[in-house]
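Chemist: Just passing along the structure, written as structure tokens.
Number of protein chains: 2
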Amino acid sequence: MSGISKNKIKWIRSLQLKKNRETEGLFLVEGEKMVQEAMMYCKNQIQYIAYTDSFVSEHLADFEHQLVSEKELEMISSLKTPNKALAVVQIIKSRPSIDNQLVLALDDIQDPGNMGTILRIADWYGIQTIFCSKNTVDCYNPKVVQASMGAIFRIQLSYVDLTKWLKACKSTIYGALLEGENIYTKETLSNGVLLMGNEGKGISKENIEYINEAISIPRFGKAESLNVSVATGIIVSEFVRRQSTN
Amino acid sequence: MSGISKNKIKWIRSLQLKKNRETEGLFLVEGEKMVQEAMMYCKNQIQYIAYTDSFVSEHLADFEHQLVSEKELEMISSLKTPNKALAVVQIIKSRPSIDNQLVLALDDIQDPGNMGTILRIADWYGIQTIFCSKNTVDCYNPKVVQASMGAIFRIQLSYVDLTKWLKACKSTIYGALLEGENIYTKETLSNGVLLMGNEGKGISKENIEYINEAISIPRFGKAESLNVSVATGIIVSEFVRRQSTN
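This is the structure:
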């Protein structure tokens with residue numbers, strides 16, 4: 002028989018809130034595939050796995066695990082339709098290096114879907130490092146974790162005082178601005194920091210002054226802007242295209 | 002004094018459902034900016050505007066309009082936080098041409114956010130025409146309309162039997178497939194149809210056979226896939242980049 006204690010339910014649910022994730026240094030990973038990826042990429046960070054009998058894994062014995070009913074999984078899940086497993090995973094704070102690579106800097110990205118999608122773009126293109134302003138949505142927010150499709154396990158994220166960080170940064174800082182230089186015709190796009198701004202307000206005033214190279218996706222139609230995750234995808238694509246075909 | 006009739010409330014709310022939009026040939030546009038764009042781009046299609054006293058426009062007199070209270074706007078709105086105005090707009094069915102341009106074909110895109118974002122990408126890059134399979138999410142779904150940020154007023158959309166349509170299509174059909182040719186190194190990407198597939202399943206089996214050129218965004222990291230709207234943005238960007246810099 003399964004049987005998850007009230008305290009465990011309370012503990013897991015509490016991790017849906019940022020302040021509790023910060024105090025405990027833990028976050029939630031949900032769904033069959035995501036839990037399997039966590040088992041592969043964050044083996045040493047997994048504290049607990051709850052799973053239903055339809056979850057199949059040969060490696061469960063390596064972790065603290067507990068069989069739960071569908072109903073119990075629903076009780077601890079943040080998803081509308083929970084899917085076979087949930088893991089509690091330790092947050093590791095990293096101090097990633099930024100030399101000789103393209104890194105992203107995110108200035109107050111608010112939407113969890115956008116944040117997760119940007120992580121996925123970084124993961125696709127082999128970007129290993131993202132710096133976020135303190136007001137950027139928490140990357141351990143369950144919605145971000147889900148939208149990242151596993152990228153959260155492979156990318157080093159660091160929340161910093163972004164203005165201070167940009168000021169001290171020795172790499173070229175590229176900033177995506179509507180009035181920047183056309184990325185298609187700009188002579189060089191080399192490794193450095195790509196700074197992307199908030200969904201509505203763009204890059205904040207105090208950070209704009211640290212941009213070394215203002216860049217822009219040229220517009221051919223009438224839309225006022227592109228979604229920030231789409232813009233990130235297009236600009237990163239252009240950086241990588243040039244590096245990979247030169 | 003404002004005062005919106007019960008019948009009007011019922012009529013407007015009914016348009017949140019696809020079947021009613023189809024029967025009536027009408028859809029909803031919400032929010033100050035979107036209603037202003039509709040007034041600019043779809044002048045002759047607007048049937049009715051409800052607005053609160055904080056909505057400012059010199060052109061209201063050109064339309065059937067009605068002052069409503071914040072509370073009344075809430076009653077007719079599909080948004081969590083309604084914003085100053087709502088318009089009822091006529092759907093125009095178009096038979097767009099596809100010659101000598103890049104057009105998009107969408108194979109069962111399901112998520113309203115993705116659909117709106119794809120419309121916005123098309124609008125940014127000057128793509129005027131999108132063909133959708135019958136099972137693609139309705140572009141007049143309020144969530145799609147909002148996410149399109151006005152693109153819905155400028156792009157011609159047509160829902161077709163996509164398999165039949167692709168079969169009859171005389172332009173080059175480019176299909177985004179994981180195992181397609183690298184878009185960065187592929188020799189030519191010329192005008193034609195860019196076919197994008199469903200979020201989970203990709204391009205359907207029966208449509209794959211009509212692809213003339215399978216293309217792909219090369220992967221450098223570990224993510225399994227990109228979000229379909231991001232992938233659309235990156236591929237369209239590469240088509241347009243080549244055309245604009247040649």
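As you go down the protein sequences, you meet chains A and B in turn.
The first sequence maps to residues 2 to 247 in my numbering.
The second sequence maps to residues 2 to 247 in my numbering.
In this text, a Cβ means the ideal position worked out from N, Cα and C, and glycines have one as well.
(1) Is the beta carbon of A177/A sitting closer than 7 Å to the one on R121/B?
(2) What did DSSP end up calling V30/A once you bin it into helix, strand or coil?
(3) On the premise that I153/A lies in contact with S230/A, defined as a C-beta separation below 8 Å, what is that separation, rounded to the nearest angstrom?
(4) Looking at the C-beta of G32/B, does it have a partner C-beta in chain A at a distance below 7 Å?
(5) Check the Cβ-Cβ distances between V138/B and every residue of chain A, and say whether any is below 7 Å.
(6) For D109/B, which of T130/B, Q129/B and N199/B has the nearest alpha-carbon?
(7) Could you spell out the range, first to last residue, of the alpha helix (DSSP H) harbouring E207/A?
(8) Go ahead and label M40/A buried or exposed: buried means 16 or more other beta carbons lie within 10 angstroms of its beta carbon, across all protein chains shown.
(9) Which residues of chain B have a Cβ atom closer than 7 Å to the Cβ of K223/A, listed in chain order?
(10) Along the chain, where does the alpha helix (DSSP H) that runs through Y126/A open and close?
(11) Should Y175/B be flagged as near chain A, meaning a C-beta pair shorter than 7 Å?
(12) Which residues, in chain order, does the region 208-235 of chain B contribute to contact with chain A at a C-beta distance below 9 Å?
(13) Decide if R242/A is buried, meaning its Cβ has at least 16 other Cβ atoms within 10 Å, or exposed.
(14) Quick one: what does DSSP say S98/A is sitting in, helix, strand or coil?
(15) Between the Cα of P143/B and the Cα atoms of S6/B, I10/B and L16/B, which residue gives the shortest distance?
(16) Does DSSP put M197/B in a helix, in a strand, or in coil?
(17) Residues of the region 72-97 of chain A with a CB closer than 7 Å to any CB of chain B: list them in chain order, please.
(18) Hey, how far is the Cα of K187/B from the Cα of V161/B?
(19) Tell me, please, whether the region 206-216 of chain A touches the region 16-27 of chain B by the rule of three or more beta-carbon pairs shorter than 8 Å.
(20) Would you say L193/A and T164/A are within 7 Å of each other, going by their C-beta atoms?
(21) Which stretch, first to last residue, makes up the alpha helix (DSSP H) that contains N136/B?
(22) Name the DSSP beta bridge partners of H66/B, please?
(23) According to DSSP, simplified to helix, strand and coil, what is Y185/B?
(24) With a CB to CB cut of under 8 Å and the five nearest residues on each side skipped, what residues in its chain are close to M2/B?
(25) Taking I92/A as part of the alpha helix (DSSP H), name the residues at either end of that continuous run.
(26) Can you check whether the CB of Q37/A is closer than 7 Å to the CB of Q91/A?
(27) Counting only beta-carbon atoms, is M2/B nearer than 7 Å to chain A?
(28) Determine the chain A residues that contact S245/B at a beta-carbon separation under 9 Å, and present them in chain order.
(29) To the nearest angstrom, how far is the alpha carbon of N84/A from that of V57/A?
(30) Quick one, are the C-beta atoms of V138/B and Q157/B less than 7 Å apart?
(31) Between G127/A and chain B, is any beta-carbon pair separated by less than 7 Å?
(32) Answer with yes or no whether the minimum CB distance from T118/B to chain A is below 7 Å.
(33) What residue from N247/A, I218/A and F28/A has the CA that sits closest to W125/B's CA?
(34) May I ask which residues mark the beginning and end of the alpha helix (DSSP H) holding I10/B?
(35) Taking only beta-carbon atoms, is S191/A less than 7 Å away from chain B?
(36) Straight-line CA distance for A232/A to G234/B?
Modeler: Straight from the coordinates:
(1) By 1-based counting over the first sequence, the position of residue 177/A is 176. By 1-based counting over the second sequence, the position of residue 121/B is 120. Not in contact: A177/A and R121/B (Cβ atoms no closer than 7 Å).
(2) Within the first sequence, the letter at position 29 stands for residue 30/A. Strand, per DSSP.
(3) Within the first sequence, the letter at position 229 stands for residue 230/A. Within the first sequence, the letter at position 152 stands for residue 153/A. Actually they do not touch by this definition, with Cβ atoms about 15 Å apart.
(4) Start at 1 with the first residue of the second sequence, and residue 32/B comes out as number 31. No, because no Cβ of chain A sits closer than 7 Å to the Cβ of G32/B.
(5) By 1-based counting over the second sequence, the position of residue 138/B is 137. It does not: the Cβ of V138/B has no partner Cβ on chain A nearer than 7 Å.
(6) Start at 1 with the first residue of the second sequence, and residue 109/B comes out as number 108. Nearest option by C-alpha distance: N199/B.
(7) Counting from one through the first sequence, the residue named residue 207/A turns up at place 206. Its alpha helix (DSSP H) spans residues K206 to I209.
(8) Position 39 of the first sequence holds residue 40/A. So M40/A counts as buried.
(9) Within the first sequence, numbered from 1, the residue matching residue 223/A stands at position 222. Simply D124 and R155.
(10) Position 125 of the first sequence, counting from 1, holds the residue named residue 126/A. Looking at the DSSP string, the run of the alpha helix (DSSP H) that includes Y126/A is P113 to Y126.
(11) Here residue 175/B is taken as the residue at index 174 of the second sequence, counted from 1. Chain A, which has no Cβ nearer than 7 Å to the Cβ of Y175/B, makes this no.
(12) I218, P219, R220, F221, G222, K223, A224, E225, S226, L227, N228, S230, V231, A232, T233, G234 and I235
(13) For the purposes of this step, residue 242/A is identified with residue 241 of the first sequence, where counting begins at 1. Buried, by the Cβ-count rule.
(14) Taking the first residue of the first sequence as position 1, residue 98/A is located at position 97. S98/A falls in the coil class under three-state DSSP.
(15) Position 142 of the second sequence holds residue 143/B. When only C-alpha atoms are compared, the closest one is L16/B.
(16) As a first step, residue 197/B must be located in the second sequence, where it is residue number 196. Strand at M197/B.
(17) none
(18) On the second sequence, position 186 is the one that residue 187/B refers to. On the second sequence, position 160 is the one that residue 161/B refers to. Their backbone Cα atoms lie some 30 Å apart in a straight line.
(19) no
(20) If you number the first sequence from 1, residue 193/A lands on position 192. If you number the first sequence from 1, residue 164/A lands on position 163. Note on identity: in this sequence residue 193/A is Gly, with Leu being the wrong assignment. Cβ distance not < 7 Å, so G193/A and T164/A don't count as in contact.
(21) Taking the first residue of the second sequence as position 1, residue 136/B is located at position 135. N136/B -> no alpha helix (DSSP H), and no H or E assigned at all.
(22) Position 65 of the second sequence, counting from 1, holds the residue named residue 66/B. Partner(s): I50/B.
(23) On the second sequence, position 184 is the one that residue 185/B refers to. In the structure shown, Y185/B sits in coil (DSSP, three-state: anything other than H, G, I, E or B).
(24) Residue numbering aside, residue 2/B sits at position 1 when the second sequence is read from its first letter. With a pLDDT of 47 at M2/B, under the threshold of 50, the predicted position of this residue should be treated as unreliable, and no value is reported.
(25) By 1-based counting over the first sequence, the position of residue 92/A is 91. Unbroken run through I92/A: none, as it is neither H nor E.
(26) Taking the first residue of the first sequence as 1, we reach residue 91/A at position 90. Taking the first residue of the first sequence as 1, we reach residue 37/A at position 36. Result no, Cβ atoms of Q91/A and Q37/A do not sit closer than 7 Å.
(27) Along the second sequence, read from residue 1 onward, the residue named residue 2/B stands at position 1. Model confidence at M2/B stands at a pLDDT of 47, short of 50, so the residue's coordinates are unreliable and nothing is read from them.
(28) Counting from one through the second sequence, the residue named residue 245/B turns up at place 244. Residues of chain A passing the Cβ test: N183, Y185, T186, P219 and F221.
(29) Within the first sequence, numbered from 1, the residue matching residue 84/A stands at position 83. Within the first sequence, numbered from 1, the residue matching residue 57/A stands at position 56. Rounded to the nearest angstrom, the two C-alpha atoms are 12 Å apart.
(30) Here residue 138/B refers to the residue found at position 137 when the second sequence is read from its first residue. Here residue 157/B refers to the residue found at position 156 when the second sequence is read from its first residue. No. Outside cutoff.
(31) Against the first sequence, residue 127/A aligns to sequence position 126. Judged by the 7 Å Cβ criterion, G127/A is in contact with chain B.
(32) Counted from its first residue, the second sequence places residue 118/B at position 117. It does: the Cβ of T118/B has a partner Cβ on chain A nearer than 7 Å.
(33) For the purposes of this step, residue 125/B is taken as residue 124 along the second sequence, with counting starting at 1. It is I218/A whose Cα lies nearest to the Cα of W125/B.
(34) Here residue 10/B refers to the residue found at position 9 when the second sequence is read from its first residue. Note, I10/B: alpha helix (DSSP H), K7 to S15.
(35) Within the first sequence, the letter at position 190 stands for residue 191/A. So no, S191/A is outside the interface.
(36) Walking along the first sequence from the start, residue 232/A turns up at place 231. Walking along the second sequence from the start, residue 234/B turns up at place 233. Those two C-alpha atoms are separated by around 8 Å.
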